[in-house]
Every structure is written in structure tokens, then in C-alpha cells.
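First the structure, in the form of C-alpha cells, and then the observations on it.
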Amino acid sequence: MAKERIGFIGLGIMGKPMARNLLKSGHPLIVHSRSRAPVDELVGAGAADGKSPRGVAQQSDFVITMLPDSPDVQQVVLGRDGVLEGIRPGSVLVDMSTISPLVTQEIANAVTAKGAQMLDAPVSGGEKGAIEATLSIMVGGPEPVFTRVRPVFETLGKNIVHIGGAGAGQVAKACNQIVVALTIQAVSEALVLAAKAGVDPAKVRQALLGGFAQSRILDVHGQRMLERNFKPGFRVRLHQKDLNIALSTGKALGVPLPATAVVQEAFTALRGLERSDLDHSALVTLIEELAKVEVRPGR
72 MAKERIGFIG
82 LGIMGKPMAR
92 NLLKSGHPLI
102 VHSRSRAPVD
112 ELVGAGAADG
122 KSPRGVAQQS
132 DFVITMLPDS
142 PDVQQVVLGR
152 DGVLEGIRPG
162 SVLVDMSTIS
172 PLVTQEIANA
182 VTAKGAQMLD
192 APVSGGEKGA
202 IEATLSIMVG
212 GPEPVFTRVR
222 PVFETLGKNI
232 VHIGGAGAGQ
242 VAKACNQIVV
252 ALTIQAVSEA
262 LVLAAKAGVD
272 PAKVRQALLG
282 GFAQSRILDV
292 HGQRMLERNF
302 KPGFRVRLHQ
312 KDLNIALSTG
322 KALGVPLPAT
332 AVVQEAFTAL
342 RGLERSDLDH
352 SALVTLIEEL
362 AKVEVRPGR
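Here the sequence shown stands for residues 72 to 370, where the numbers follow the working numbering.
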């Protein structure tokens, strides 16, 4: 049985390795991105150039978008020469970006009116998870459509959960980004406290990894902090955007998110220091500057 033709729009830090994994799995792939270089790279590996979002949709059974923010998805899907102009009845739009749940519902309604279906399926796991196909995928939309697309999700990730109706995946992602941001803040504060006290932060991290404080953030980002490796897997400015979504959703629903607001202000400070394109683990550098100490092993 022939595999579905998949369109992929948005070949950035996350999108390019995700698209490459789909290509490796044997799916015919049609790609488009704002930047030309990743399109050429994937075309060289066997993908087809869709030329535009409309062109991608016209040739695809499933169209995946992986874009930075709500306005980007609105433009690519609803704008001139967009996905909506080319989408075919019976096909599926899968938005794997992290955007507003309200925008997701708006786009889902427009897609449904064209006789197609939509899933919102934001991911967690960063660049490493995208490369290794170990992403966590949180899915909103009709369950029969989720079942149809699940084999494609299994090419991209390991923890795949259908959350609920349209927008539910985006709500789950907002919750994820709250937990990740607050944990990065906690790890940053802990390691800086250790360093300021004259205790080796590497050994503190090692001890904490064996106890109740163990977390993926402490493991991966704690090591980044020690190595001073802030090459972006997930940029500060994108995490700040995600916390804006969480805070606005909380405000709309009457849910206070005070700790989230504090970390959001820390990300704002990093942007003011021109560190918005660093990895979000660079939050530690703000705490270091305030404490006048740097986290390094062997203190």
C-alpha cells in the first residue's frame, strides 16, 4: 500500500530534522520554507519542492506546518497562496507549531469548511528530540483523524497522546511550557546557589539526579549550564512567546499563573540583554549576573 504524500511547511531548527525523518521513513515529501537553503537540502535528499503553501497542499494527503507563532500559521494557512487555497477535500492539516488555542480553533473551522480536517499537534523534546524522533506529541482534534495520522506521528515521536478536541493539544503544550520554564528557573537558581556557596555545582547536580529532584531539565539543561553550551535547541524568544500564550489563556480562564509570570519577566530581561536567540537554558546567566558568580564544575 502506497504511503501518504506528506507536505511539510517550516524547515527550521525543529522542522528540518522532522521532515528528514519522514523522508527516511519512505513517505513522498513535498516541502516549503521561508528560507531557501533547507528546501534545497531536502530536495537534494529526495523531497519535492512545493514552491508555496498552496502548492504543497495541492500535492499532499497530509500537510504539516511547523512555524514560530500564531500569525505565521495564520498567514501560511489562511493568507494569499496559502494552504487553504490548495487543500483538498479529505486531506488533513496537522499544525505542529505552538500557537494560541483560539487561533487553532479559528483555523480548524476554516479547514473544515473546505471539506478537510485539522489536528493541532504541538511537540516537546527540542532539537534533540526532533533529530532522534523521540518527540512528545500532544494532539487535539477528532479522534478518527488522530487514528488516521498516528502512523506519521510514530515516525516523529515516542510519547503520542490524543488530548481532546480542537485546541486541546495547544492547551497541553502551554502546560508543558509552564513546567519546563519553571524547572529551568529552579535548576538555574540551585546551581548558582551552589556555586556562590563555593560548592561544586557539577557534584550538586550529580547528587540531585539520584533523588526526588531528578528531572530531564536537570539532566540535559543542567549539563548545558555547566558546559556553557547555549547553542539554541529552543530559543529564549520562542519560549517567551509560549509563556505569553499560557498567560493569556490563564487570564481568559481566570487561572492565576504567578510563578509563570516571574519566569516570563526573566526571559524579558534576557531579551533586553540581547540573548533572545540563545537556548532557554541561558536563563542561568541572568541569575549568575545577579549573584555575581558563574556556574562551572570543579569550584
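The beta carbon of each residue, even a glycine, is placed where N, CA and C say it ideally should be.
Assuming residue i and residue j form a contact by the criterion Cβ under 8 Å, report the distance between their Cβ atoms to the nearest whole angstrom.
{"i": "V134", "j": "S162", "result": "7 Å"}
{"i": "L25", "j": "G228", "result": "With the chain represented from 72 up to 370, any question about residue 25 goes unanswered, as that position is not in the structure."}
{"i": "Q311", "j": "R342", "result": "7 Å"}
{"i": "E156", "j": "R105", "result": "Not confirmed; about 18 Å, so no contact."}
{"i": "L279", "j": "P272", "result": "10 Å between Cβ atoms; not a contact."}
{"i": "E75", "j": "D132", "result": "4 Å"}
{"i": "D152", "j": "S171", "result": "Not a contact, Cβ separation roughly 23 Å."}
{"i": "T15", "j": "I80", "result": "The structure shown has nothing for residue 15, since the chain only spans 72 to 370."}
Classify residue i as buried or exposed, calling it buried when 16 or more other Cβ atoms lie within 10 Å of its own Cβ.
{"i": "Q241", "result": "buried"}
{"i": "Q146", "result": "exposed"}
{"i": "F305", "result": "buried"}
{"i": "G212", "result": "buried"}
{"i": "A108", "result": "exposed"}
{"i": "Q335", "result": "buried"}
{"i": "K199", "result": "exposed"}
{"i": "P222", "result": "exposed"}
{"i": "R52", "result": "This structure leaves residue 52 out entirely; the chain is present only between 72 and 370."}
{"i": "A268", "result": "exposed"}
{"i": "V127", "result": "buried"}
{"i": "R346", "result": "buried"}
{"i": "L138", "result": "buried"}
{"i": "D350", "result": "buried"}
{"i": "V174", "result": "buried"}
{"i": "G281", "result": "exposed"}
{"i": "G197", "result": "buried"}
{"i": "G238", "result": "buried"}
{"i": "K363", "result": "exposed"}
{"i": "K302", "result": "exposed"}
{"i": "L324", "result": "exposed"}
{"i": "L361", "result": "exposed"}
From the DSSP output, read off the bridge partner residues of residue i.
{"i": "S133", "result": "Looking at the sequence shown, residue 133 is not Ser but Phe. The partner list for F133 (beta bridge, DSSP) reads I77, V163."}
{"i": "V263", "result": "According to DSSP, which records beta bridges pairwise, V263 is partnered with nothing at all."}
{"i": "V210", "result": "H233"}
{"i": "M189", "result": "L164"}
{"i": "L314", "result": "Its beta-bridge partners do not exist; DSSP assigns none."}
{"i": "R306", "result": "D350"}
{"i": "D143", "result": "Per DSSP, none; premise fails for D143."}
{"i": "V194", "result": "I208"}
{"i": "H98", "result": "According to DSSP, H98 bridges with nothing at all."}
{"i": "A119", "result": "I101"}
{"i": "G83", "result": "DSSP lists no partner for G83."}
{"i": "G228", "result": "L206"}
Spatial neighbours of residue i within its chain, please: CB distance less than 8 Å, with the 5 preceding and 5 following residues excluded, ordered by chain position.
{"i": "T331", "result": "I249, A252, L253, L314, A317, L318, G321"}
{"i": "A187", "result": "I158, R159, P160, G161, S162, V163, L164"}
{"i": "V333", "result": "Q256"}
{"i": "R287", "result": "none"}
{"i": "G369", "result": "D271, A273"}
{"i": "L149", "result": "L155, I178, A181"}
{"i": "Q285", "result": "L279"}
{"i": "K185", "result": "L155, I158, P160"}
{"i": "C246", "result": "A317"}
{"i": "L328", "result": "I249, A317, L318, G321"}
{"i": "L94", "result": "L100, L113, A116, G117, A118"}
Sorted by chain position, which residues of the same chain lie with C-beta nearer than 7 Å to residue i's C-beta, five sequence neighbours on each side aside?
{"i": "G235", "result": "G211"}
{"i": "A201", "result": "M85, P88, M89"}
{"i": "D120", "result": "V102, V110, V114"}
{"i": "R355", "result": "In the sequence as displayed, the identity of residue 355 is Val instead of Arg. Closer than 7 Å at the Cβ level, and outside the excluded window around V355, lie S259, L262, V263, M296, V366."}
{"i": "N92", "result": "A204, T226, L227"}
{"i": "H292", "result": "I255, V258, S352"}
{"i": "H233", "result": "V210, E214, F217"}
{"i": "L357", "result": "A337, A340, L341"}
{"i": "D290", "result": "L280"}
Which same chain residues, not among the five before or five after residue i, have their C-beta less than 6 Å away from its C-beta?
{"i": "E365", "result": "E359"}
{"i": "I231", "result": "I208, F224"}
{"i": "N300", "result": "none"}
{"i": "K244", "result": "T169, P193, M209"}
{"i": "D140", "result": "K312"}
{"i": "P99", "result": "R76"}
{"i": "V326", "result": "none"}
{"i": "A266", "result": "P272, V364, V366, R370"}
Taking 8 Å as the threshold, find out whether the stretch 217-227 comes into contact with the stretch 237-256 through three or more Cβ pairs.
no
Taking 8 Å as the threshold, find out whether the stretch 187-203 comes into contact with the stretch 165-179 through three or more Cβ pairs.
yes
Determine contact between the stretch 100-120 and the stretch 171-182, defined as no fewer than three beta-carbon pairs at a distance below 8 Å.
no
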